Every structure is written in structure tokens, then in C-alpha cells.
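Here is the structure we will look at.
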Amino acid sequence: MHFDPETMMIVTLVIASLVLVFHAGDRVFPLVAVVAAGLEALIAFRLITLSSPRFQIHSILAAILVVAGAVCWVRSATKPTITAATIVVLLGAFQLLHALHL
30 MHFDPETMMI VTLVIASLVL VFHAGDRVFP LVAVVAAGLE ALIAFRLITL
80 SSPRFQIHSI LAAILVVAGA VCWVRSATKP TITAATIVVL LGAFQLLHAL
130 HL
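Structure representation (C-alpha cells):
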């Protein structure tokens, strides 16, 4: 299997989101991040296809990751959750900028 930088970024997002789920007290936003990162992983590995004529799915998932990661970062108190939330926010923001062609 060949890993390109985009695939590595998505796998990193999934792992960071899982860290948030297992270490966070409130699990609503970490679960949202896991679902968004999981959908991105399934799309990247071509296990599912999602398309919408009105919206870009990649930009929506990236925006969800940024918001969920930011909320988790604000609520974090331990080093693992702060680090994982920072990774989710930064990689989600990078994906959002790339999806919007900025």
C-alpha cells in the first residue's frame, strides 16, 4: 500500500480524534471529530463515495473538524487532549484551506 501525504494526514486526524474520545470528559465533540475523520478516511481509501451537487463534502468535513477540534481544545486540561485537539484543528484548517483553494 502506498501512502501519500494526504492519506497520512487523514490517518493522523483519525488517531488524534480517537485520543480525544478516550481522554476527554465530554465526548460529544470528540465523537463528532471521529465521525468526520472516519468519513474522510473512508473516502480517501475509496470505500465509500459521497457527493453533493450543492456542497463540497471535503470542505464541510474539514470545517466540522476545525470546529470540533477548537471546542475540544478550549475544554482540554491535560497534555494529550491539548495536543490531539491542536492536531485536529491545524490539519482540519489545512484541509479547509485546500478545499477552498486558498
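For the record, in the sequence shown the residue sitting at position 26 is 55 according to our numbering, with numbers rising by one throughout.
A virtual CB, placed ideally from N, CA and C, is assigned to each residue, including glycine.
Just so you know, these numbers come straight off a predicted model, no measurement behind them.
From what residue to what residue does the alpha helix (DSSP H) around Ser88 run? Mapped onto the sequence shown, residue 88 falls at position 59. Counting along the chain, the alpha helix (DSSP H) containing Ser88 begins and ends at 86 to 104.
What separation, rounded to the nearest whole angstrom, lies between the Cα atoms of Leu129 and Asp55? Position 100 of the sequence shown, counting from 1, holds the residue named residue 129. Position 26 of the sequence shown, counting from 1, holds the residue named residue 55. If I take the Cα positions, the gap works out to 31 Å.
Contact check, Leu120 vs Met38, beta carbons under 9 Å: For the purposes of this step, residue 120 is identified with residue 91 of the sequence shown, where counting begins at 1. For the purposes of this step, residue 38 is identified with residue 9 of the sequence shown, where counting begins at 1. Contact: yes.
Would you mind sorting Ile116 into buried or exposed? The rule is 16 or more other CB atoms within 10 Å of its CB. As a working note, residue 116 is residue 87 in the sequence shown. Buried, because 16 or more other Cβ atoms sit within 10 Å of the Cβ of Ile116.
Starting from the C-beta of Ser105, find all residues in its chain whose C-beta is less than 6 Å away, skip the five residues before and the five after it, and write them out in chain order. As a first step, residue 105 must be located in the sequence shown, where it is residue number 76. Only Ile111, Ala114 meet the Cβ criterion.
When burial is assigned at 16 or more other CB atoms within 10 Å of the CB, is Ser81 buried or exposed? Indexing the sequence shown from 1 puts residue 81 at position 52. Exposed, because fewer than 16 other Cβ atoms sit within 10 Å of the Cβ of Ser81.
Please confirm whether Thr115 has its beta-carbon closer than 9 Å to some beta-carbon of chain C. The displayed structure is made up of one protein chain only, and chain C is not part of it.
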